[in-house]
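Take a look at the structure below.
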């Protein structure tokens, strides 16, 4: 006698097997499916802990790959050992409050440790607040800028100055000795002295010959040498050649600096700017390293770049 057909159960059965990783449930089998057939998986919502902020949100290590929070929890400490994007020496990648790229540059050292400041590049086309010399004076008095912090005010923008290299200081110190021996009474040789060209321009050239009467004012005042008080101004360029020969040359000519030298230690040349006229110079001559240079405003002074570089 034939057996009656077996009815399928209306209750879904669960297939034996290990749990699925995404939902922690077993796959269900519909009544019409055959034995061991895999049907759709019911995805149950999984609770996830809230994301915790980083320990220091301002410092972010740039990584060439991005990983999910779940993968980060699995890796644990291995995430910190991921290879970071290469950065030039003396710089460090940072992120500001707007998520824009920024870097830190070395501006000096304090107690044997490098001193860095955060710098950023403003978006071109957007107006930015222009600072004045009076603003700088108030910020220095309020302690916004440190005593050893080196920067310049170029047409209202604060430009930090990088630490000097050995080649830069070797040429600058040799020039300082030669100028001190030649400068007569009534003048000083300023080494990175601040010179005010306008209400929104403060520069710190490597060397300049300044009239002594400028420093007869009250020591507590914020008096700065003006262009009329400078006989000779010298910039020693290593990494700032384009800035010194273009931007600063234009500013010095506009505000009446009598003579301006740019000593290029990389190309071993000295560019002498004389007779300012408008935003340019009537005479711009590049001299080789073996040429002996002199300045008419400083009698007895001579310099030969080949002797020191």
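In the working numbering, the protein residues as written are 4 to 312.
All C-beta atoms, glycine included, are put in the ideal place defined by N, C-alpha and C.
All values reported here derive from a predicted model rather than from experimental measurement.
What did DSSP end up calling residue i once you bin it into helix, strand or coil?
i: residue 133; result: coil
i: residue 307; result: strand
i: residue 290; result: strand
i: residue 277; result: strand
i: residue 196; result: coil
i: residue 209; result: coil
i: residue 169; result: helix
i: residue 143; result: helix
i: residue 267; result: strand
i: residue 180; result: helix
i: residue 239; result: strand
i: residue 201; result: strand
i: residue 154; result: strand
i: residue 185; result: helix
i: residue 148; result: coil
i: residue 312; result: coil
i: residue 174; result: helix
i: residue 214; result: strand
i: residue 299; result: coil
Any idea if residue i is buried or exposed, counting beta-carbon neighbours within 10 angstroms, 16 or more meaning buried?
i: residue 310; result: exposed
i: residue 237; result: buried
i: residue 198; result: buried
i: residue 146; result: exposed
i: residue 51; result: exposed
i: residue 205; result: buried
i: residue 304; result: buried
Looking at residue j and residue i, is the spacing between their C-beta atoms short of 9 Å?
i: residue 308; j: residue 299; result: no
i: residue 297; j: residue 274; result: no
i: residue 241; j: residue 268; result: yes
i: residue 235; j: residue 209; result: no
i: residue 192; j: residue 200; result: no
i: residue 136; j: residue 156; result: yes
i: residue 283; j: residue 312; result: no
i: residue 133; j: residue 164; result: no
i: residue 270; j: residue 253; result: no
i: residue 246; j: residue 214; result: no
Would residue i pass as an interface residue toward chain D - the criterion being a Cβ-Cβ separation below 9 Å?
i: residue 218; result: Looking for chain D here will not work: only one protein chain is present.
Under 8 Å by Cβ, that's how I've got residue i and residue j pegged, so tell me the actual separation to the nearest angstrom.
i: residue 250; j: residue 233; result: Not confirmed; about 18 Å, so no contact.
i: residue 259; j: residue 203; result: The pair is not a contact, with the Cβ atoms about 16 Å apart (cut-off 8 Å).
i: residue 171; j: residue 217; result: The Cβ separation is near 26 Å, so there is no contact.
Nearest CA to the CA of residue i: which residue from the options?
i: residue 291; options: 265, 131, 277; result: 265
i: residue 230; options: 188, 279, 184, 140; result: 279
i: residue 262; options: 215, 286, 246, 170; result: 286
i: residue 306; options: 175, 195, 276; result: 175
i: residue 139; options: 130, 129, 152; result: 152
i: residue 228; options: 239, 195, 169; result: 195
i: residue 131; options: 142, 161, 154; result: 161
i: residue 276; options: 303, 248, 221; result: 248
i: residue 302; options: 220, 184, 221; result: 184
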